[in-house]
Amino acid sequence: MKVTEHIAQAKGTLVSFEILPPLKGKSIQSIYDHLDPLMEFKPSFINVTYHRSETMFKKKADGTFERVEVRKRPGTVAICAAIKNHYNIDTVPHLICGGFSKGVTEDALIDLSFLGIDNVLVLRGDAAKNEANFEPETHGHAYAVDLLKQVMNLKNGIYLEEDIKNGGKADFCIGTAGYPEKHFESPNPQIDMQRLKEKVCCGAEYIMTQMFFDNQKFFDFVKKCRENDIHIPIIPGLKPITSRKQLSVLPRIFHVDIPTELSEAITRCKTDDECEKVGTEWLIQQSKELKKFGVPVLHYYTLGKPRVIKNVVKELV
Ligand SMILES: Cc1cc2nc3c(=O)[nH]c(=O)nc-3n(C[C@H](O)[C@H](O)[C@H](O)COP(=O)(O)OP(=O)(O)OC[C@H]3O[C@@H](n4cnc5c(N)ncnc54)[C@H](O)[C@@H]3O)c2cc1C
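In our numbering, the protein residues as written are 213 to 529.
Structural data, given as structure tokens:
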């Protein structure tokens, strides 16, 4: 079932979770162990992130270095199918431009469609670790909107090979990313909003946001979207803070602010256990307020912390 169908049929706020594929070498059981404790909350769908390969320099026996491409977390397509079969639950694979040619993207979309996966979250992806700025793959896409157009083409049975006439239609429900605190490369919020609107006009059916820790930023973002004639569902992305280190890591990696009240409370904590308590309580309050506001779905980035997410969601039912 599509994310938009889940939302349309819902009687209240839904819950969904996001996971990372396991590190190469770990089994699918590690994913089930991660998700099992969360299944009692009957999530409507599970998102699976995509991680492109990284360039690394491996030291050889003779002391010189060899450049190698390493993909630490492969398997997004297969994990989505495995979760769908194991739990009979919908999955949302993240699809990125980085590292993908249009041809490889098309093949991945065909695989997903054959597997009965109805949803994709279409993203650009960040720059590779060895690049200062995002560089599209040769014959790949530079922006999420371009990838979105390719997915839309496939929805209409249009394949890259012009010889394919009356091709099968891969009817995905397309989600796109939105940034309550603006995407860090955008010169200003207005331009960022125009870019978001382009993605919506091209066929995105809902927006899933970057994490945020101040609900007011989300409320303002929703208001701005509506003022700009963006009327599709907006799903808040939520993450707990569980350590002091995250006070600097999250702003650096995700370009989000941490409110003073929260950062001061975390700074006062002496242990990670204390931080986790503060972060959990903050996320419970955030979730309750968002639910009251009427968000369609509360989407939690579980990122190795299913226990914390469980402690949050059980306060909402
Ligand atoms: C909910 C969510 C899930 C994510 N999951 C993943 C994941 O699984 N894997 C991963 O690698 N990353 C993931 N990311 C990170 C995301 O890929 C990065 O934030 C990336 O930098 C931007 O992706 P985007 O889809 O928003 O890109 P875009 O919409 O392409 O925007 C990127 C930047 O380019 C600008 N822009 C857009 N279109 C144009 C245009 N036509 N001309 C000029 N400028 C333009 C935008 O304003 C923005 O500044 C996720 C982010 C979110 C919010």
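Just so it is clear, CB atoms sit at the ideal spot from N, CA and C, and this is done for glycine as well. It should be emphasised that the depicted structure is a prediction, and the values quoted were computed from it without experimental measurement.
What is the rounded straight-line gap between the Cα of G390 and the Cα of K270?
Here residue 390 refers to the residue found at position 178 of the sequence shown. Here residue 270 refers to the residue found at position 58 of the sequence shown. Whole-angstrom Cα-Cα distance: 37 Å.
Closer than 7 Å: H395 CB and nearest ligand 1 heavy atom
The residue you call residue 395 lines up with position 183 of the sequence shown. Yes.
Between E266 and L335, what straight-line distance do the alpha-carbon atoms span, to the nearest angstrom?
Within the sequence shown, numbered from 1, the residue matching residue 266 stands at position 54. Within the sequence shown, numbered from 1, the residue matching residue 335 stands at position 123. Going from the Cα of E266 to the Cα of L335 covers about 18 Å.
Which one of K214, K517, V357, K409 has the shortest CA to CA distance from L247?
By 1-based counting over the sequence shown, the position of residue 247 is 35. Nearest of K214, K517, V357, K409 to L247, Cα basis: K517.
Rounded to whole angstroms, how far is the Cβ of C414 from the Cβ of V468, which I believe are closer than 8 Å?
Within the sequence shown, residue 414 is the residue found at index 202, counting from 1. Within the sequence shown, residue 468 is the residue found at index 256, counting from 1. Actually they are not in contact, since the Cβ atoms of C414 and V468 sit about 26 Å apart, beyond 8 Å.
Measuring straight from C-alpha to C-alpha, what distance separates F312 and K341?
As a position in the sequence shown, residue 312 is number 100, starting the count at 1. As a position in the sequence shown, residue 341 is number 129, starting the count at 1. Distance between the alpha carbons of F312 and K341 is about 16 Å.
So, using beta-carbon positions, are L462 and L510 closer together than 8 Å?
Residue 462 sits at position 250 when you count from the first residue of the sequence shown. Residue 510 sits at position 298 when you count from the first residue of the sequence shown. Not in contact: L462 and L510 (Cβ atoms no closer than 8 Å).
Shorter than 7 Å, the distance from the beta carbon of G415 to the closest heavy atom of ligand 1, or not?
Counted from its first residue, the sequence shown places residue 415 at position 203. Not so, every heavy atom of ligand 1 lies at least 7 Å from the Cβ.
Nearest CA to the CA of T454: which residue from I446, A416, N427, W494?
Counted from its first residue, the sequence shown places residue 454 at position 242. Cα-wise, what sits closest to T454 is W494.
Indicate the three-state DSSP secondary structure (helix, strand or coil) for A354 in the structure shown.
Along the sequence shown, one-based indexing puts residue 354 at 142. In the structure shown, A354 sits in coil (DSSP, three-state: anything other than H, G, I, E or B).
Could you say which of D330, R264, I301 lies nearest to T282 if we only look at CA atoms?
As a first step, residue 282 is located in the sequence shown; it is residue number 70 there, counting from the start. Correcting the residue identity first, residue 282 is Val in this sequence and not Thr. When only C-alpha atoms are compared, the closest one is R264.
Along the chain, where does the beta strand (DSSP E) that runs through M405 open and close?
Taking the first residue of the sequence shown as 1, we reach residue 405 at position 193. Segment 401-414 is the alpha helix (DSSP H) holding M405; no beta strand (DSSP E) there.
Shortest alpha-carbon distance to G369 belongs to which of S325, E230, P234, K435?
Locating residue 369 in the sequence shown gives position 157, where the first residue counts as 1. The option with the nearest alpha carbon to G369 is S325.
Taking the alpha-carbon of N365 as reference, which of G352, D375, G379, Y355 has the nearest alpha-carbon?
Within the sequence shown, the letter at position 153 stands for residue 365. The shortest C-alpha separation from N365 is found at G379.
Would F257 pass as a contact of T303 if the rule is Cβ separation under 8 Å?
Here residue 257 refers to the residue found at position 45 of the sequence shown. Here residue 303 refers to the residue found at position 91 of the sequence shown. Cβ distance < 8 Å, so F257 and T303 count as in contact.
Report the option in D330, P234, C309 whose CA atom is closest to the CA atom of R285.
For the purposes of this step, residue 285 is taken as residue 73 along the sequence shown, with counting starting at 1. Out of D330, P234, C309, P234 has the C-alpha closest to the C-alpha of R285.
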